[in-house]
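This note's numbering applies: residue 54 is where the sequence shown begins, and numbers increase by one.
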Amino acid sequence: MPTPATPGAAAPLQTYATHRRHFPLFHYFALPILLANVAVAVGHAIRRPSLWNAWLVIVALGLVGGLVASRASTLYVQNRLIALEMRLRLAATLPPELRARIPELRLRHLIGLRFAGDAELPGLVERCLRGELATADAIKREIRDWRPDFARA
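Okay, structure coming up:
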């Protein structure tokens, strides 16, 4: 996870093009190995059909399912935390007329807005509330003053 090397050091640049996060242990190690295990188990079950080999395919699928469920649970909790953080941030930065409308924002709006700088938040929130920016991706594409977020799952 890229972070400044020393306290007070400038954070690496983050933009729409570079903001996606890959967790190497999950994306490049555990998941590929477990998917390869499914392929090996299926190949073995096809070459030597038996109840035991069918069971090994089921176990291999269960391992992939468990890993993916674990990752999905982490992302679900992260999204709830982002929503809470953003509601607090919006309450502190928006003008009173927009502050009263914070409950109208959907989770996808809050997730996209987290990358916007404080000065640009009111305009983006207004556009979300008017229905111009319906998805987190649409919001992120409109951000000009990118606020990096390196502390995420």
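Ideal Cβ placement from N, Cα and C applies to all residues, glycine included. The structure displayed is predicted, hence computed values, not measured ones.
With the rule of 3 Cβ pairs closer than 8 Å, the segment 137-149 does not count as touching the segment 110-125. With respect to the C-alpha of Leu182, the residue from His162, Val110, Asp171, Ile196 having the closest C-alpha is His162. Here Gly165 is buried, its C-beta having at least 16 other C-beta atoms within 10 Å. The alpha-carbon of Ala204 is positioned some 47 Å away from that of Arg101. Residue burial annotation: Val112 is exposed, with fewer than 16 other C-beta atoms found within 10 angstroms of its C-beta. Counting along the chain, the unbroken alpha helix (DSSP H) around Ser123 starts and ends at 104-146.
Where Ala172 is concerned, there is no enclosing alpha helix (DSSP H), because DSSP gives it neither an H nor an E.
The alpha-carbon of Glu185 is positioned some 42 Å away from that of Ile86. Boundaries of the alpha helix (DSSP H) around His97: 84-100. In this structure Val178 is buried. Its beta-carbon is surrounded by 16 or more other beta-carbon atoms within 10 angstroms. Taking each of Glu173, Leu134, Glu157, Trp199 in turn and checking the Cα distance to Ala187, the smallest one comes out for Glu157. Rounded to the nearest whole angstrom, the C-alpha separation of Leu174 and Leu143 is 8 Å.
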